[in-house]
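Colleague: With the sequence shown counted from 1, adding 526 to any position gets you the numbering used here.
Here it is: the structure, laid out below.
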Amino acid sequence: MVSITSSRDEAAKQPHVVLIFMDDMTHWALTSERCRTPNLDRLAARGTVFTHAFNQGSQMQPVCLPARQMLLTGMSLFRASESFLAAQRLGRTLGDAGYRTFFTGKWHNEEEALAADYDQVGPWAGAMLHSGEIGGEAYERPAPGNTWDPADTTRGGHWMPTADGGVQHSSERWTDAALGFLDERAAADAHEQSPFFLHIAYHAPHDPRQTHRRFLDMYDEDEVFVPPNAWPEHPFDNGELEVRDETLTPRPRTPEMIRVHRREYLAILSHVDEQIGRILDRLEEMGVAEDTLVVFSGDHGLALGEHGLMGKQNPYDHSIRVPLLFAGPGVRSGRRLDELVYQSSIYATIAELVGVAAPPGVEMASLADAVAGRPHEERAVVFGAYRHVQRLVRTKRHKFVDYPQHGREQLFDLDADPWEMTNLAADPAYAGLRDDLRAVLQALQMQLEDPLAGAPVSASRAVAT
(Lines of atoms letter the chains of each structure in order from A; the text may use other names.)
(Lines give C-alpha, C1' and ligand atoms only; values in the text may rest on other atoms or scores of the structure.)
Protein backbone atom coordinates (compact mmCIF):
# COMPACT_ATOMS: atom_id res chain seq x y z
CA MET A 527 0.00 0.00 0.00
CA VAL A 528 1.35 3.39 -1.03
CA SER A 529 1.64 6.02 1.69
CA ILE A 530 0.40 9.47 0.72
CA THR A 531 1.56 11.35 3.79
CA SER A 532 4.95 12.41 2.44
CA SER A 533 3.49 13.93 -0.73
CA ARG A 534 1.49 16.66 0.96
CA ASP A 535 2.80 19.94 2.29
CA GLU A 536 2.86 19.40 6.05
CA ALA A 537 2.52 23.10 6.77
CA ALA A 538 -0.67 23.48 4.73
CA LYS A 539 -2.09 20.02 5.26
CA GLN A 540 -5.83 19.79 5.94
CA PRO A 541 -7.23 16.66 7.56
CA HIS A 542 -8.92 14.09 5.40
CA VAL A 543 -12.55 13.46 6.40
CA VAL A 544 -14.42 10.17 6.61
CA LEU A 545 -18.12 10.41 7.45
CA ILE A 546 -19.75 7.09 8.33
CA PHE A 547 -23.53 7.27 8.58
CA MET A 548 -25.85 4.53 9.79
CA ASP A 549 -29.56 3.88 9.35
CA ASP A 550 -31.76 2.94 12.36
CA MET A 551 -28.85 2.71 14.81
CA THR A 552 -30.00 3.73 18.27
CA HIS A 553 -27.76 5.47 20.78
CA TRP A 554 -27.16 2.54 23.13
CA ALA A 555 -25.63 0.37 20.42
CA LEU A 556 -22.43 2.44 20.28
CA THR A 557 -19.76 1.06 22.67
CA SER A 558 -22.30 -1.19 24.38
CA GLU A 559 -21.58 -4.42 26.21
CA ARG A 560 -24.69 -5.83 24.56
CA CYS A 561 -23.39 -5.23 21.03
CA ARG A 562 -20.03 -6.62 19.82
CA THR A 563 -18.43 -3.84 17.81
CA PRO A 564 -14.67 -3.97 18.43
CA ASN A 565 -13.83 -1.59 15.59
CA LEU A 566 -16.20 1.12 16.78
CA ASP A 567 -14.83 0.53 20.27
CA ARG A 568 -11.27 1.22 19.08
CA LEU A 569 -12.44 4.31 17.20
CA ALA A 570 -14.21 5.59 20.33
CA ALA A 571 -11.07 4.97 22.39
CA ARG A 572 -9.22 7.57 20.34
CA GLY A 573 -12.10 10.02 20.06
CA THR A 574 -15.01 11.74 21.79
CA VAL A 575 -18.46 10.17 22.07
CA PHE A 576 -21.59 12.24 22.61
CA THR A 577 -24.02 10.06 24.57
CA HIS A 578 -26.93 12.50 24.24
CA ALA A 579 -27.07 13.41 20.54
CA PHE A 580 -30.51 13.95 19.04
CA ASN A 581 -32.29 13.97 15.72
CA GLN A 582 -34.93 16.72 15.51
CA GLY A 583 -37.46 14.38 13.93
CA SER A 584 -39.43 14.43 10.72
CA GLN A 585 -42.19 16.40 9.04
CA MET A 586 -43.08 13.30 6.96
CA GLN A 587 -43.52 9.59 7.61
CA PRO A 588 -39.93 8.56 6.76
CA VAL A 589 -37.49 9.85 9.38
CA CYS A 590 -34.46 8.81 7.29
CA LEU A 591 -34.88 11.46 4.59
CA PRO A 592 -35.16 14.64 6.70
CA ALA A 593 -32.33 13.41 8.94
CA ARG A 594 -30.07 13.42 5.90
CA GLN A 595 -31.32 16.84 4.86
CA MET A 596 -30.40 18.23 8.28
CA LEU A 597 -27.02 16.49 8.21
CA LEU A 598 -26.08 17.86 4.79
CA THR A 599 -27.37 21.41 5.28
CA GLY A 600 -26.65 21.96 8.98
CA MET A 601 -30.16 23.37 9.28
CA SER A 602 -33.02 22.66 11.64
CA LEU A 603 -35.82 20.34 10.60
CA PHE A 604 -38.32 22.60 8.87
CA ARG A 605 -35.76 24.87 7.20
CA ALA A 606 -33.72 21.91 5.91
CA SER A 607 -36.80 20.50 4.22
CA GLU A 608 -37.66 23.78 2.52
CA SER A 609 -34.12 24.70 1.53
CA PHE A 610 -32.36 21.41 0.76
CA LEU A 611 -31.80 21.85 -2.97
CA ALA A 612 -30.94 25.53 -2.71
CA ALA A 613 -28.59 25.12 0.27
CA GLN A 614 -24.81 24.94 0.17
CA ARG A 615 -24.55 21.33 1.28
CA LEU A 616 -21.63 19.69 3.07
CA GLY A 617 -20.13 17.85 0.10
CA ARG A 618 -20.04 20.97 -2.04
CA THR A 619 -18.56 23.08 0.75
CA LEU A 620 -15.67 20.66 1.17
CA GLY A 621 -15.29 20.28 -2.58
CA ASP A 622 -15.05 24.04 -3.01
CA ALA A 623 -12.32 24.03 -0.34
CA GLY A 624 -10.18 21.65 -2.40
CA TYR A 625 -11.34 18.28 -1.12
CA ARG A 626 -11.73 15.32 -3.44
CA THR A 627 -15.24 14.11 -2.55
CA PHE A 628 -16.83 10.67 -2.83
CA PHE A 629 -20.17 9.15 -1.82
CA THR A 630 -21.46 5.58 -1.64
CA GLY A 631 -24.45 3.98 0.06
CA LYS A 632 -27.95 5.17 0.95
CA TRP A 633 -28.65 8.67 -0.36
CA HIS A 634 -32.43 9.02 0.13
CA ASN A 635 -32.71 12.52 -1.34
CA GLU A 636 -32.85 14.17 -4.74
CA GLU A 637 -30.39 12.66 -7.22
CA GLU A 638 -29.50 16.08 -8.60
CA ALA A 639 -28.04 17.03 -5.21
CA LEU A 640 -25.92 13.88 -5.17
CA ALA A 641 -24.49 14.61 -8.62
CA ALA A 642 -23.80 18.24 -7.71
CA ASP A 643 -22.12 17.60 -4.37
CA TYR A 644 -19.52 14.88 -5.01
CA ASP A 645 -16.70 14.55 -7.49
CA GLN A 646 -17.25 10.81 -7.61
CA VAL A 647 -20.25 8.68 -6.76
CA GLY A 648 -19.89 4.96 -6.19
CA PRO A 649 -22.74 2.46 -6.06
CA TRP A 650 -25.70 3.91 -4.20
CA ALA A 651 -29.37 3.33 -3.45
CA GLY A 652 -32.15 5.85 -3.25
CA ALA A 653 -34.02 4.49 -0.24
CA MET A 654 -34.41 1.40 1.95
CA LEU A 655 -33.74 -2.11 0.66
CA HIS A 656 -36.95 -4.08 0.46
CA SER A 657 -37.12 -7.84 0.75
CA GLY A 658 -40.19 -8.78 -1.22
CA GLU A 659 -43.47 -6.97 -0.80
CA ILE A 660 -44.39 -5.00 2.30
CA GLY A 661 -46.44 -7.41 4.37
CA GLY A 662 -44.47 -10.44 3.16
CA GLU A 663 -42.51 -12.89 5.28
CA ALA A 664 -40.08 -10.21 6.48
CA TYR A 665 -43.03 -8.74 8.38
CA GLU A 666 -45.34 -9.94 11.17
CA ARG A 667 -42.72 -12.33 12.46
CA PRO A 668 -41.92 -14.57 14.21
CA ALA A 669 -45.16 -16.40 13.56
CA PRO A 670 -46.18 -20.02 12.90
CA GLY A 671 -45.27 -21.10 9.39
CA ASN A 672 -43.00 -18.15 8.72
CA THR A 673 -39.79 -19.37 7.09
CA TRP A 674 -37.85 -16.09 7.08
CA ASP A 675 -34.10 -16.54 7.56
CA PRO A 676 -31.84 -13.46 7.78
CA ALA A 677 -28.95 -15.47 6.32
CA ASP A 678 -30.94 -16.64 3.28
CA THR A 679 -29.24 -14.85 0.39
CA THR A 680 -32.19 -15.47 -1.97
CA ARG A 681 -34.43 -13.04 -0.09
CA GLY A 682 -33.21 -9.80 -1.68
CA GLY A 683 -33.04 -6.77 0.59
CA HIS A 684 -29.46 -6.37 1.85
CA TRP A 685 -28.48 -9.35 -0.35
CA MET A 686 -27.75 -7.50 -3.58
CA PRO A 687 -27.06 -9.16 -6.96
CA THR A 688 -23.57 -8.91 -8.41
CA ALA A 689 -22.47 -8.74 -12.04
CA ASP A 690 -21.22 -12.33 -11.96
CA GLY A 691 -24.59 -13.72 -10.82
CA GLY A 692 -23.75 -13.90 -7.13
CA VAL A 693 -24.93 -11.85 -4.18
CA GLN A 694 -23.20 -9.41 -1.88
CA HIS A 695 -24.39 -7.79 1.33
CA SER A 696 -25.03 -4.05 1.05
CA SER A 697 -22.56 -3.28 3.85
CA GLU A 698 -19.84 -5.09 1.92
CA ARG A 699 -20.73 -3.44 -1.38
CA TRP A 700 -20.57 0.07 0.05
CA THR A 701 -17.33 -0.74 1.87
CA ASP A 702 -15.70 -2.18 -1.25
CA ALA A 703 -16.57 1.04 -3.08
CA ALA A 704 -15.08 3.16 -0.27
CA LEU A 705 -11.88 1.12 -0.29
CA GLY A 706 -11.65 1.51 -4.05
CA PHE A 707 -11.79 5.27 -3.64
CA LEU A 708 -9.13 5.20 -0.92
CA ASP A 709 -6.87 3.04 -3.10
CA GLU A 710 -7.32 5.50 -5.93
CA ARG A 711 -6.31 8.39 -3.69
CA ALA A 712 -3.26 6.48 -2.46
CA ALA A 713 -2.15 5.82 -6.02
CA ALA A 714 -2.72 9.37 -7.26
CA ASP A 715 0.18 11.48 -8.44
CA ALA A 716 1.58 13.89 -5.87
CA HIS A 717 -0.02 16.93 -7.50
CA GLU A 718 -3.46 15.24 -7.31
CA GLN A 719 -3.22 14.34 -3.65
CA SER A 720 -5.59 16.91 -2.24
CA PRO A 721 -7.41 16.04 1.01
CA PHE A 722 -10.33 13.68 0.52
CA PHE A 723 -13.87 13.52 1.88
CA LEU A 724 -15.26 9.99 1.96
CA HIS A 725 -18.97 9.80 2.83
CA ILE A 726 -20.30 6.26 3.27
CA ALA A 727 -23.93 5.76 4.28
CA TYR A 728 -24.77 2.21 5.32
CA HIS A 729 -28.28 0.80 5.19
CA ALA A 730 -27.52 -1.33 8.24
CA PRO A 731 -29.01 -1.91 10.72
CA HIS A 732 -32.29 -0.96 8.96
CA ASP A 733 -34.65 -3.84 8.31
CA PRO A 734 -34.75 -6.30 6.72
CA ARG A 735 -32.00 -7.11 9.22
CA GLN A 736 -30.10 -9.69 7.15
CA THR A 737 -26.57 -10.89 7.69
CA HIS A 738 -24.26 -13.89 7.49
CA ARG A 739 -24.86 -16.83 9.80
CA ARG A 740 -21.58 -16.28 11.64
CA PHE A 741 -22.81 -12.92 12.96
CA LEU A 742 -26.13 -14.38 14.07
CA ASP A 743 -24.22 -17.13 15.85
CA MET A 744 -22.45 -14.50 17.96
CA TYR A 745 -25.66 -13.94 19.93
CA ASP A 746 -27.66 -16.49 21.92
CA GLU A 747 -31.30 -15.59 21.48
CA ASP A 748 -32.17 -16.72 25.01
CA GLU A 749 -29.61 -14.28 26.45
CA VAL A 750 -30.65 -11.22 24.44
CA PHE A 751 -31.60 -8.34 26.73
CA VAL A 752 -35.29 -7.44 26.87
CA PRO A 753 -35.77 -3.92 28.30
CA PRO A 754 -38.11 -3.35 31.24
CA ASN A 755 -40.40 -1.15 29.13
CA ALA A 756 -41.00 -3.88 26.55
CA TRP A 757 -44.77 -3.67 26.76
CA PRO A 758 -47.20 -5.84 24.75
CA GLU A 759 -48.59 -2.70 23.08
CA HIS A 760 -48.24 1.05 23.26
CA PRO A 761 -50.82 2.24 25.82
CA PHE A 762 -52.49 4.82 23.54
CA ASP A 763 -52.65 6.03 19.93
CA ASN A 764 -49.57 8.20 19.37
CA GLY A 765 -50.67 9.14 15.87
CA GLU A 766 -48.53 6.63 13.97
CA LEU A 767 -49.16 3.09 15.19
CA GLU A 768 -49.91 1.69 11.73
CA VAL A 769 -46.72 2.81 10.00
CA ARG A 770 -44.78 0.10 8.15
CA ASP A 771 -42.19 -0.29 10.93
CA GLU A 772 -44.88 -1.28 13.40
CA THR A 773 -45.87 -4.28 11.25
CA LEU A 774 -42.53 -6.03 11.69
CA THR A 775 -43.76 -7.97 14.74
CA PRO A 776 -47.31 -9.15 15.51
CA ARG A 777 -49.25 -7.61 18.37
CA PRO A 778 -49.26 -8.11 21.25
CA ARG A 779 -45.46 -8.09 21.43
CA THR A 780 -43.95 -10.87 23.51
CA PRO A 781 -40.47 -11.20 25.02
CA GLU A 782 -39.79 -14.07 22.62
CA MET A 783 -40.64 -11.94 19.57
CA ILE A 784 -38.55 -9.06 20.84
CA ARG A 785 -35.53 -11.31 21.39
CA VAL A 786 -35.71 -12.53 17.79
CA HIS A 787 -35.61 -9.02 16.38
CA ARG A 788 -33.03 -7.67 18.81
CA ARG A 789 -30.72 -10.60 18.07
CA GLU A 790 -30.87 -9.86 14.34
CA TYR A 791 -30.29 -6.16 15.06
CA LEU A 792 -27.16 -6.94 17.08
CA ALA A 793 -25.93 -9.34 14.42
CA ILE A 794 -26.19 -6.90 11.51
CA LEU A 795 -24.43 -4.27 13.63
CA SER A 796 -21.54 -6.65 14.29
CA HIS A 797 -21.41 -7.29 10.54
CA VAL A 798 -21.20 -3.60 9.63
CA ASP A 799 -18.65 -3.06 12.39
CA GLU A 800 -16.38 -5.53 10.63
CA GLN A 801 -16.75 -3.48 7.44
CA ILE A 802 -15.94 -0.26 9.28
CA GLY A 803 -12.83 -2.01 10.55
CA ARG A 804 -11.74 -2.56 6.94
CA ILE A 805 -11.91 1.20 6.35
CA LEU A 806 -10.01 2.03 9.53
CA ASP A 807 -7.35 -0.55 8.62
CA ARG A 808 -6.97 0.91 5.14
CA LEU A 809 -6.44 4.40 6.54
CA GLU A 810 -3.65 3.00 8.71
CA GLU A 811 -2.10 1.16 5.75
CA MET A 812 -2.12 4.42 3.78
CA GLY A 813 -0.37 6.21 6.63
CA VAL A 814 -3.17 8.77 7.04
CA ALA A 815 -5.07 7.50 10.08
CA GLU A 816 -3.66 10.23 12.31
CA ASP A 817 -4.42 12.87 9.68
CA THR A 818 -8.03 11.83 9.13
CA LEU A 819 -11.09 13.17 10.94
CA VAL A 820 -13.53 10.27 11.30
CA VAL A 821 -17.14 11.12 12.13
CA PHE A 822 -19.58 8.36 12.98
CA SER A 823 -23.32 8.87 13.44
CA GLY A 824 -26.75 7.81 12.26
CA ASP A 825 -30.03 9.25 11.07
CA HIS A 826 -32.21 8.34 14.06
CA GLY A 827 -32.72 5.68 16.70
CA LEU A 828 -35.21 2.83 16.84
CA ALA A 829 -37.60 1.02 19.14
CA LEU A 830 -37.02 -2.70 19.42
CA GLY A 831 -39.93 -3.60 21.66
CA GLU A 832 -39.60 -0.64 24.02
CA HIS A 833 -43.00 0.89 24.82
CA GLY A 834 -44.58 -1.83 22.66
CA LEU A 835 -43.09 -0.19 19.54
CA MET A 836 -40.87 -1.34 16.66
CA GLY A 837 -40.25 1.90 14.77
CA LYS A 838 -38.77 5.36 15.20
CA GLN A 839 -41.91 7.45 14.71
CA ASN A 840 -42.21 8.27 18.40
CA PRO A 841 -40.79 10.75 20.97
CA TYR A 842 -38.91 8.35 23.25
CA ASP A 843 -35.13 8.41 23.70
CA HIS A 844 -34.60 5.04 22.02
CA SER A 845 -35.85 6.64 18.80
CA ILE A 846 -34.68 10.26 18.94
CA ARG A 847 -31.17 9.71 20.32
CA VAL A 848 -28.42 8.75 17.87
CA PRO A 849 -24.79 7.62 18.11
CA LEU A 850 -22.27 10.42 17.58
CA LEU A 851 -18.50 10.04 17.62
CA PHE A 852 -15.61 12.21 16.44
CA ALA A 853 -12.00 10.99 16.24
CA GLY A 854 -8.88 12.50 14.69
CA PRO A 855 -7.19 15.89 14.47
CA GLY A 856 -8.58 18.43 16.93
CA VAL A 857 -10.42 15.79 18.95
CA ARG A 858 -9.46 14.65 22.43
CA SER A 859 -9.37 10.90 22.92
CA GLY A 860 -11.19 8.57 25.27
CA ARG A 861 -13.96 10.96 26.30
CA ARG A 862 -17.72 10.54 26.72
CA LEU A 863 -19.78 13.73 26.97
CA ASP A 864 -23.38 13.74 28.19
CA GLU A 865 -24.30 17.26 27.05
CA LEU A 866 -27.31 17.73 24.78
CA VAL A 867 -26.35 18.14 21.11
CA TYR A 868 -27.96 17.82 17.71
CA GLN A 869 -26.72 15.36 15.12
CA SER A 870 -27.08 18.15 12.56
CA SER A 871 -24.15 19.98 14.22
CA ILE A 872 -21.88 17.60 12.27
CA TYR A 873 -21.65 20.01 9.31
CA ALA A 874 -20.41 23.00 11.32
CA THR A 875 -18.11 20.80 13.40
CA ILE A 876 -16.38 19.25 10.39
CA ALA A 877 -16.00 22.67 8.79
CA GLU A 878 -14.37 24.17 11.87
CA LEU A 879 -12.08 21.21 12.51
CA VAL A 880 -10.70 21.27 8.96
CA GLY A 881 -10.46 25.06 8.76
CA VAL A 882 -13.23 25.68 6.25
CA ALA A 883 -15.81 28.43 6.70
CA ALA A 884 -19.34 27.12 7.07
CA PRO A 885 -21.79 28.95 4.78
CA PRO A 886 -24.27 31.41 6.31
CA GLY A 887 -27.19 28.99 6.03
CA VAL A 888 -25.67 26.56 8.53
CA GLU A 889 -27.54 27.27 11.75
CA MET A 890 -26.53 24.37 14.03
CA ALA A 891 -23.59 25.24 16.26
CA SER A 892 -20.18 23.62 15.89
CA LEU A 893 -19.08 21.10 18.52
CA ALA A 894 -15.38 21.76 17.84
CA ASP A 895 -14.81 23.32 21.26
CA ALA A 896 -16.50 20.39 22.96
CA VAL A 897 -14.47 17.72 21.17
CA ALA A 898 -11.26 19.67 21.78
CA GLY A 899 -11.97 19.96 25.49
CA ARG A 900 -12.21 23.75 25.42
CA PRO A 901 -14.71 25.75 27.50
CA HIS A 902 -18.02 26.17 25.70
CA GLU A 903 -21.68 26.84 26.34
CA GLU A 904 -23.86 23.74 26.58
CA ARG A 905 -27.33 23.49 25.10
CA ALA A 906 -30.06 23.50 27.78
CA VAL A 907 -32.86 21.93 25.76
CA VAL A 908 -33.51 20.06 22.51
CA PHE A 909 -36.62 20.04 20.35
CA GLY A 910 -38.26 17.17 18.51
CA ALA A 911 -41.20 16.73 16.16
CA TYR A 912 -42.90 14.01 14.17
CA ARG A 913 -45.31 15.05 11.43
CA HIS A 914 -48.30 16.90 12.91
CA VAL A 915 -48.86 14.37 15.68
CA GLN A 916 -45.95 14.75 18.15
CA ARG A 917 -43.88 17.59 19.62
CA LEU A 918 -41.34 17.46 22.46
CA VAL A 919 -38.74 19.33 24.43
CA ARG A 920 -36.06 17.60 26.47
CA THR A 921 -33.63 18.89 29.05
CA LYS A 922 -30.97 16.76 30.70
CA ARG A 923 -33.45 15.67 33.35
CA HIS A 924 -36.98 16.12 31.99
CA LYS A 925 -38.96 15.52 28.83
CA PHE A 926 -42.31 17.06 27.89
CA VAL A 927 -44.28 15.56 24.99
CA ASP A 928 -47.40 16.95 23.33
CA TYR A 929 -49.71 14.92 21.08
CA PRO A 930 -51.68 17.79 19.55
CA GLN A 931 -54.05 15.63 17.53
CA HIS A 932 -54.98 13.43 20.46
CA GLY A 933 -55.13 15.76 23.43
CA ARG A 934 -52.41 14.01 25.40
CA GLU A 935 -49.26 15.05 27.17
CA GLN A 936 -46.39 13.22 28.80
CA LEU A 937 -43.82 14.37 31.32
CA PHE A 938 -40.89 12.22 32.38
CA ASP A 939 -38.24 12.60 35.05
CA LEU A 940 -35.38 10.94 33.19
CA ASP A 941 -33.11 10.72 36.24
CA ALA A 942 -35.66 8.72 38.21
CA ASP A 943 -37.25 7.04 35.20
CA PRO A 944 -34.72 6.54 32.36
CA TRP A 945 -36.98 4.01 30.63
CA GLU A 946 -39.77 6.61 30.35
CA MET A 947 -42.43 4.47 31.98
CA THR A 948 -44.10 6.86 34.44
CA ASN A 949 -46.02 9.80 33.02
CA LEU A 950 -46.07 12.71 35.47
CA ALA A 951 -48.07 15.14 33.29
CA ALA A 952 -51.28 14.77 35.31
CA ASP A 953 -49.53 14.85 38.70
CA PRO A 954 -50.37 18.15 40.48
CA ALA A 955 -46.91 18.15 42.08
CA TYR A 956 -45.38 18.60 38.60
CA ALA A 957 -47.90 21.12 37.22
CA GLY A 958 -45.45 24.03 37.40
CA LEU A 959 -42.69 22.13 35.62
CA ARG A 960 -45.13 20.88 33.00
CA ASP A 961 -46.37 24.41 32.30
CA ASP A 962 -42.81 25.77 32.10
CA LEU A 963 -41.77 23.11 29.60
CA ARG A 964 -44.93 23.66 27.60
CA ALA A 965 -43.97 27.32 27.29
CA VAL A 966 -40.44 26.35 26.22
CA LEU A 967 -41.93 24.11 23.55
CA GLN A 968 -44.13 26.88 22.23
CA ALA A 969 -41.19 29.29 22.07
CA LEU A 970 -39.02 26.78 20.18
CA GLN A 971 -41.82 26.09 17.73
CA MET A 972 -41.87 29.78 16.84
CA GLN A 973 -38.08 30.00 16.68
CA LEU A 974 -37.73 26.95 14.43
CA GLU A 975 -40.64 27.91 12.15
CA ASP A 976 -42.71 24.89 13.05
CA PRO A 977 -45.90 24.83 10.92
CA LEU A 978 -47.81 24.10 14.14
CA ALA A 979 -46.37 27.16 15.90
CA GLY A 980 -49.13 29.18 17.48
CA ALA A 981 -51.55 26.27 17.60
CA PRO A 982 -52.83 25.46 21.10
CA VAL A 983 -50.70 22.94 22.92
CA SER A 984 -52.69 20.28 24.76
CA ALA A 985 -53.04 22.40 27.91
CA SER A 986 -54.92 20.78 30.79
CA ARG A 987 -55.47 17.60 28.80
CA ALA A 988 -52.73 15.45 30.31
CA VAL A 989 -53.64 11.79 30.50
CA ALA A 990 -51.65 9.45 32.70
CA THR A 991 -50.42 6.22 31.16
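Glycine is no exception: its CB is placed at the ideal position from the N, C-alpha and C atoms.
Which residue comes first and which comes last in the beta strand (DSSP E) that contains H542?
Modeller: Per DSSP, H542 belongs to the beta strand (DSSP E) from 542 to 548.
Colleague: May I ask you to list the residues that DSSP assigns as paired with S584?
Modeller: S584 pairs with Y912.
Colleague: Measuring alpha carbon to alpha carbon, tell me which of G682, L640, A669 ends up nearest G658.
Modeller: Comparing Cα-Cα distances from G658 to each of G682, L640, A669, the minimum goes to G682.
Colleague: Hey, could you find the ends of the beta strand (DSSP E) Y929 is sitting in?
Modeller: Where Y929 is concerned, the enclosing beta strand (DSSP E) stretches over 924 to 929.
Colleague: In the structure shown, what three-state DSSP assignment does E718 receive?
Modeller: Note: E718 maps to helix in three-state DSSP.
Colleague: So which of D550, G860, P885, Q971 has the shortest CA-CA distance to F576?
Modeller: With distances taken between Cα atoms, F576 lies closest to G860.
Colleague: Determine whether the beta carbon atoms of R735 and Y791 lie at a separation below 7 Å.
Modeller: Contact flag set, yes.
Colleague: For the segment 933 to 984, list the beta strand (DSSP E) runs that are entirely contained and at least 3 residues long, ordered along the chain.
Modeller: Within the segment 933 to 984, the complete beta strand (DSSP E) runs of at least 3 residues are 934 to 939.
Colleague: Reducing DSSP to helix, strand and coil, say where L830 ends up.
Modeller: Note: L830 maps to coil in three-state DSSP.
Colleague: Alpha carbon to alpha carbon, what distance is there between G583 and P901?
Modeller: Each residue's alpha carbon lies about 29 Å from the other.
Colleague: Could you tell me the alpha carbon to alpha carbon distance between W685 and I805, rounded to whole angstroms?
Modeller: Straight-line Cα distance between these residues: approximately 21 Å.
Colleague: If you check the beta carbons only, do P761 and M551 fall under 7 Å apart?
Modeller: No, they are not a contact pair.
Colleague: Where does Q736 fall in DSSP's three states?
Modeller: Correct three-state label for Q736: coil.
Colleague: Among R560, G661, A570, which residue has its Cα nearest to the Cα of V769?
Modeller: For V769, the nearest C-alpha among the options comes from G661.
Colleague: Are the segment 859 to 874 and the segment 598 to 612 touching, with three or more C-beta to C-beta distances below 8 Å?
Modeller: The segment 859 to 874, when compared against the segment 598 to 612, does touch it at the 8 Å Cβ threshold.
Colleague: Classify T673: buried if its beta carbon has 16 or more other beta carbons within 10 angstroms, exposed otherwise.
Modeller: Under this definition T673 is an exposed residue.
Colleague: Can you list, in chain order, the residues of its chain whose CB lies under 6 Å from that of S609, leaving out five sequence neighbours each side?
Modeller: Around S609: no qualifying Cβ.
Colleague: In the DSSP assignment, what are the bridge partners of G617?
Modeller: None, per the DSSP bridge assignment.
Colleague: With a CB to CB cut of under 7 Å and the five nearest residues on each side skipped, what residues in its chain are close to P687?
Modeller: Excluding residues within five positions, the ones whose Cβ falls inside 7 Å are V693.
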